[in-house]
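To start, the structure itself, in C-alpha cells.
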Amino acid sequence: MTDFIYANPVSDDPSGYAAGLQALLDRCSGEGGGTVSVTAPGVHLCDGLRLRSRVTLELAEGVTLRASGDESTYEHRPGPFELNANETPICAFVHGKGLTGAAIRGKGVIDGNYERFVLPGQGPEVQHIATFAYPRPMTVYLEDCEDAVIEGVTVGNSPFWTIHLVGCRNTVVRDVAIRNEMRMPNTDGIDVDRCDNTLIERCDIVTGDDGVCPKCTEETARYGGCSNLTVRDCRIVTRSSAVKLGSSSFADFENMTFERLTIRDSNRGLAFQLRDPGSARNIVFRDVTITTATFSREWWGSAEAIYLTILPRTDATDMTGRVIEHVRFERVTGTCGLPVVAVGHAPGAIRDVTLDGVELEASGGAGGDGDAGGAGADGVSYDVDVRPWRGGDAKVPVPAADMLGDGPAFRREACRIRFR
Numbered sequence: 001m002t003d004f005i006y007a008n009p010v011s012d013d014p015s016g017y018a019a020g021l022q023a024l025l026d027r028c029s030g031e032g033g034g035t036v037s038v039t040a041p042g043v044h045l046c047d048g049l050r051l052r053s054r055v056t057l058e059l060a061e062g063v064t065l066r067a068s069g070d071e072s073t074y075e076h077r078p079g080p081f082e083l084n085a086n087e088t089p090i091c092a093f094v095h096g097k098g099l100t101g102a103a104i105r106g107k108g109v110i111d112g113n114y115e116r117f118v119l120p121g122q123g124p125e126v127q128h129i130a131t132f133a134y135p136r137p138m139t140v141y142l143e144d145c146e147d148a149v150i151e152g153v154t155v156g157n158s159p160f161w162t163i164h165l166v167g168c169r170n171t172v173v174r175d176v177a178i179r180n181e182m183r184m185p186n187t188d189g190i191d192v193d194r195c196d197n198t199l200i201e202r203c204d205i206v207t208g209d210d211g212v213c214p215k216c217t218e219e220t221a222r223y224g225g226c227s228n229l230t231v232r233d234c235r236i237v238t239r240s241s242a243v244k245l246g247s248s249s250f251a252d253f254e255n256m257t258f259e260r261l262t263i264r265d266s267n268r269g270l271a272f273q274l275r276d277p278g279s280a281r282n283i284v285f286r287d288v289t290i291t292t293a294t295f296s297r298e299w300w301g302s303a304e305a306i307y308l309t310i311l312p313r314t315d316a317t318d319m320t321g322r323v324i325e326h327v328r329f330e331r332v333t334g335t336c337g338l339p340v341v342a343v344g345h346a347p348g349a350i351r352d353v354t355l356d357g358v359e360l361e362a363s364g365g366a367g368g369d370g371d372a373g374g375a376g377a378d379g380v381s382y383d384v385d386v387r388p389w390r391g392g393d394a395k396v397p398v399p400a401a402d403m404l405g406d407g408p409a410f411r412r413e414a415c416r417i418r419f420r
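Numbering (full-length UniProt numbering), first residue to last: 1 to 420.
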C-alpha cells in the first residue's frame, strides 16, 4: 500500500488540477492501492475524476473539490436514462465503475456546482428552479462496485442526483452530510439503484428532492433487484419524500430496514411510489419521527407521513401480481397533513401492512406556503410531475387535505392493514 499527498494550491485551471490528482489516483492503484490525500485548503475547481480500485480519495478539512461543470471532462454512461424517450447519456463529476475497495473519506467537501446548470434571472421568490438540461451531471456515481465506502465528507450543491449507487454490493455510506439548494429539482440525496447489502448510517441530508431513494431503473436491469438495505440514525430535510421506494420500480425491493430517523419539514415522510412492474416486500420502518409540510406544487406531496402507492405509470404498464406486502411501521410519531395514504392498482395490491405504535397528529394538510398536489375542481388532489418525463404528466388521484380534514387515515384498495 502506498500513500500520496496532493497539495497543489488553488488555481483557475480545472483541467490541470484534475490531471494532477487523477495521475496520483492512477499511480496509487497501479502500486497496489493506498490513500491519496488532498491537503491544500481552499476551493479547487476541478474537471471530472475517476476513482480507482483499492484507492481512498481523502479530502482534508478545509478542502473543497468544486466541479468545473464541463461535462465533456466527466465520465459518461450511454443512454437512455430512466424513462426518457431519447438516448440521453448521464455523466458524473466523481465516477467509479467495476471497482473493488474504492473509497472517499475525510472532512472535506465535494461541490457539484449546480449554478452552472440553472437558467438566469431566478430570484429568491422562485420555489422550483428552472434548469436548461435533463438529465444533468450527478455528483458522485458508483456502478458495479464492491466494498465501496463514502465516509465523513460533505457532498453538496448537486445539479442532479447527489450520490447514485448502481448495481453495487457491500457499500457503506457513513457520516456523510448532503447540502443541496432546496429549490433545485432532481437533487436526490442518495439513490440506491439495484444494489445489494447497502448500509447508510449517521448521515445528515438536506436537499430539494428525495432524501434516500431505493429504485430499480429500467436501463440497469442486468443488476437485478434492490435488496438488503439498512438506513439508520439519519436526519433528513427535503421538499419531497424523506424516504421513497421508486418511482422507477422495474424490479423488486426486498429486505430493507429504516430505523432511528429524524425527518423534518418534508413534503412526504415514508413513501412507496411504485409505478412500474416491481413489488416491495419485507420492509421495516422503526423509531421514526416525522414533521411534514407542503410547498409549491412542483414538489410532489400533500404532507403525508406514510404514503403507500402502487399504480401503473401508463395505461400500457402491466402491474399484474405486483404488490406491496409484509411492511411494518413501528413507533412512528410526529405531525403531518395526512397521516396514512394507501392506494393500490387492484384489491390486495397492498397487504400485510402493520402499523404498531404509530402516533401522528394530523393538521389536515396545513403547512408550508404552497398548494402541493394541486387540488382540482373534483375535490381530488393530484400528484403531478411537471418535470420532463416520457408520456407527459401522469395524474394520480390521492385524497385532498381539505376533503379529509383531521381524519386519521385514508385507505383505498388496500387489504390487511393492521393498526395496533
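Where is the CB? At the ideal position from N, CA and C, for every residue including glycine.
None of the values given here were measured: they were computed from a predicted structure.
TODO: Decide if E304 is buried, meaning its Cβ has at least 16 other Cβ atoms within 10 Å, or exposed.
DONE: Its Cβ being crowded by 16 or more others within 10 Å, E304 is buried.
TODO: Use the C-beta contact count for R136: other C-beta atoms within 10 angstroms, 16 or more gives buried, fewer gives exposed.
DONE: Per the 10 Å Cβ criterion, buried.
Task: Residue span of the beta strand (DSSP E) that contains D216, given as start and end - done: Position check: residue 216 holds Cys in this sequence, whereas Asp was assumed. No beta strand (DSSP E) contains C216, which DSSP labels as neither H nor E.
Task: With 16 other Cβ atoms within 10 Å as the buried cut-off, status of S11 - done: S11 is exposed by the Cβ-count criterion.
Task: Spatial distance of G348 from M319 (CA atoms) - done: Between G348 and M319, the C-alpha separation is close to 12 Å.
TODO: Jot down the residue ranges of each uninterrupted beta strand (DSSP E) in the region 103-168, minimum 3 residues, whole runs only, in chain order.
DONE: Within the region 103-168, the runs of beta strand (DSSP E) that reach at least 3 residues and sit entirely inside it are, in chain order, 103-106, 109-111, 138-143, 149-151, 154-156 and 163-166.
- [ ] Enumerate in chain order the residues of its own chain whose CB-to-CB distance from D252 is below 6 Å, with the five nearest sequence positions on each side excluded.
- [x] So the qualifying residues of the chain are G225, G278 and S279.
Open item on the list: Using the Cβ count rule (16 or more neighbours within 10 Å means buried), how would you classify I90?
Closed with: Classification for I90: buried.
Task: Outcome for A19 when other beta-carbon atoms lying within 10 angstroms are tallied against a minimum of 16 - done: With fewer than 16 other Cβ atoms within 10 Å, it is exposed.
Task: First through last residue of the beta strand (DSSP E) which encompasses S29 - done: Under the DSSP assignment, S29 falls outside any beta strand (DSSP E), being part of the alpha helix (DSSP H) whose first and last residues are P14 to G30.
- [ ] May I ask you to list the residues that DSSP assigns as paired with A60?
- [x] For A60, DSSP records no beta bridge to any residue.
Open item on the list: Does the contact criterion of 3 or more C-beta pairs under 8 Å hold for the region 235-251 versus the region 202-216?
Closed with: Using a C-beta cut-off of 8 Å, the region 235-251 makes contact with the region 202-216, since at least three inter-stretch Cβ pairs fall below that distance.
Task: Minimum C-alpha distance to V55 - residue among L21, A102 and H76 - done: Residue A102 is the option with its Cα nearest to V55.
Open item on the list: Measuring only the C-alpha atoms, how far is S37 from L65?
Closed with: Distance between the alpha carbons of S37 and L65 is about 12 Å.
Open item on the list: Measuring alpha carbon to alpha carbon, tell me which residue in S363, L360 and D356 is nearest I417.
Closed with: For I417, the nearest C-alpha among the options comes from D356.
TODO: Run the CB neighbour count on S72, radius 10 Å, all protein chains shown included, and call it buried at 16 or more, exposed below.
DONE: The residue in question, S72, is exposed, as its Cβ has fewer than 16 Cβ neighbours within 10 Å.
TODO: Kindly indicate which residue of S15, G32, T198 and E125 has the alpha-carbon position closest to the one of D3.
DONE: Comparing alpha-carbon positions, the option among S15, G32, T198 and E125 lying closest to D3 turns out to be G32.
- [ ] Indicate the three-state DSSP secondary structure (helix, strand or coil) for E71 in the structure shown.
- [x] Helix.
Open item on the list: On the criterion of 16 or more Cβ atoms from any shown chain inside 10 Å, does R222 qualify as buried, or is it exposed?
Closed with: R222 sits exposed, since fewer than 16 C-beta atoms from the chains shown fall within 10 Å of its C-beta.
- [ ] Grab me the residues of T333's own chain with a C-beta within less than 6 Å of its C-beta, minus the 5 sequence neighbours each way, in chain order.
- [x] When the five nearest sequence neighbours on each side are left out, the beta carbons in the same chain lying within less than 6 Å of the beta carbon of T333 are those of T289 and E359, in order along the chain.
Task: Sequence-distant residues of the same chain with beta carbon closer than 6 Å to I263, five excluded per side - done: Once the five neighbours on either side are set aside, the close Cβ partners of I263 are I236, A242, G269 and I290.
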